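As you go down the protein sequences, you meet chains S and A in turn. This note's numbering numbers the first residue of the first sequence as 1 and each following residue consecutively. This note's numbering numbers the first residue of the second sequence as 1 and each following residue consecutively. Remarks on the structure that follows.
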Amino acid sequence: VSAAVQPLTTVGHVTPRVDAVARVTGQAKYTNDLKLPGMLYARVLRSPHPHARIRRIDTSEASRLPGVRAVITHVPGG
Amino acid sequence: MGDTSAASSSRQEGHPTAMSHRAVPECSGLTPDATTSAITAPSTTAISLTVNGVNHRVEVEDRWTLVELLRDHLDLTGTKIGCDRSECGACTVLMDGKPVYACCQLAVWADGADVQTVEGLAHDGRLTPLQQAFIDHNAPQCGFCTPGQLMTATALLNTAPRPDAAQVKQALVGNLCRCANYNAIVEAVVAAGAHQGGAA
Numbered sequence: 001v002s003a004a005v006q007p008l009t010t011v012g013h014v015t016p017r018v019d020a021v022a023r024v025t026g027q028a029k030y031t032n033d034l035k036l037p038g039m040l041y042a043r044v045l046r047s048p049h050p051h052a053r054i055r056r057i058d059t060s061e062a063s064r065l066p067g068v069r070a071v072i073t074h075v076p077g078g
Numbered sequence: 001m002g003d004t005s006a007a008s009s010s011r012q013e014g015h016p017t018a019m020s021h022r023a024v025p026e027c028s029g030l031t032p033d034a035t036t037s038a039i040t041a042p043s044t045t046a047i048s049l050t051v052n053g054v055n056h057r058v059e060v061e062d063r064w065t066l067v068e069l070l071r072d073h074l075d076l077t078g079t080k081i082g083c084d085r086s087e088c089g090a091c092t093v094l095m096d097g098k099p100v101y102a103c104c105q106l107a108v109w110a111d112g113a114d115v116q117t118v119e120g121l122a123h124d125g126r127l128t129p130l131q132q133a134f135i136d137h138n139a140p141q142c143g144f145c146t147p148g149q150l151m152t153a154t155a156l157l158n159t160a161p162r163p164d165a166a167q168v169k170q171a172l173v174g175n176l177c178r179c180a181n182y183n184a185i186v187e188a189v190v191a192a193g194a195h196q197g198g199a200a
């Protein structure tokens, strides 16, 4: 190593992560940890049939459940 | 069952129906064809438990898991849900000192239990030697598995204060890290043990 080379101050040195404390104390926020005002929650109802032709899907029961704001569904031929 | 309409107002009353500690409730059976059954409010049970030294008396739905109670109702989101099926260990908490998967413990089973989560490790901003070792050894990468790793390792250090790498690997076998940062995690736990054990 040439004497003209200055000692490196960053490369080769351990750099503490800026979010390290948050990650070991449970304070780090992940998407699923957020609660936002008016936030809605979704549930997926999968087909009970491994292979079938969709003729129609009746979502009326789901729509009637208390608190349900919307049902997003498949429209055959749509 | 029943008594659901008064659930919210019965918080302060006694709870003779509370299940004994970790008793397994009778399975009511799952109905595949749920659309034909009447929509009824879920049954609830009043339980009391200690979380990180704080007593909580809560009316829980019998179907809630412990991790749902902690995250959604006690706002302790440090405990993570990775797989929600006892495979990954991200939800590990200490229940009466023993590591358990909080995704597969019903909240009602925690009645009377002493629960510790990742939020309960540090006191007044002072990290435990294990938490500091995780930082020093860069054990968290994405950090999602870190709370579970910390809780299992805490239980290990409580019973084996100076574990070697093999013991650490054995203890942490149920805590997956999809960053695959296992070497750093094991190093951190071994180092924390050496620190706690008052190594020369």
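The C-beta atom is built at its ideal place from N, Cα and C for all residues, glycine as well. Since the structure is predicted, the reported quantities are computational estimates derived from the model, not experimental observations.
Chain-order list of chain A residues neighbouring S:Ala-28: Gly-143, by C-beta distance under 7 Å. Listed along chain S, the residues sitting closer than 9 Å to A:Gly-78 by beta-carbon distance are Thr-25, Gly-26, Gln-27, Ala-28, Asp-33. Counting other Cβ atoms within 10 Å of its Cβ, S:Arg-23 reaches 16 or more and is therefore classed as buried.
In this structure, the CA atom of S:Ala-28 is about 7 Å from the CA atom of A:Gly-78.
For A:Thr-146, the enclosing alpha helix (DSSP H) has its first and last residue at 146-159. Here S:Leu-45 is exposed: its Cβ has fewer than 16 other Cβ atoms, across all protein chains shown, within 10 Å. Leaving aside the five residues that flank S:His-74 on each side, the residues in its chain whose CB is nearer than 8 Å to its CB run, in chain order, Ile-54, Ile-57.
Annotated three-state conformation of S:Val-18 is coil, per DSSP.
Assignment of S:Pro-50 by DSSP, reduced to helix, strand and coil, places it in the coil class.
At a cut-off of 7 Å, the C-beta of S:Ala-3 has no neighbouring C-beta in chain A. Nearest in C-alpha terms to A:Thr-65, of all of A:Val-54, A:Asp-96, A:Asp-111, is A:Asp-111.
Nearest C-alpha to S:Tyr-41 among S:Asn-32, S:Ser-47, S:Pro-16: S:Asn-32. Three or more Cβ pairs closer than 8 Å define a contact, and the segment 119-131 of chain A falls short of that threshold against the segment 166-176 of chain A. At a cut-off of 7 Å between beta carbons, A:Ile-135 contacts chain S.
Non-local beta-carbon contacts of A:Glu-68 in its own chain, meaning distances under 8 Å to residues more than five positions away in sequence, involve Ala-107 in chain order. A check of alpha carbon separations from A:Asp-72 across S:Ser-47, S:Leu-34, S:His-51 identifies S:Leu-34 as the nearest.
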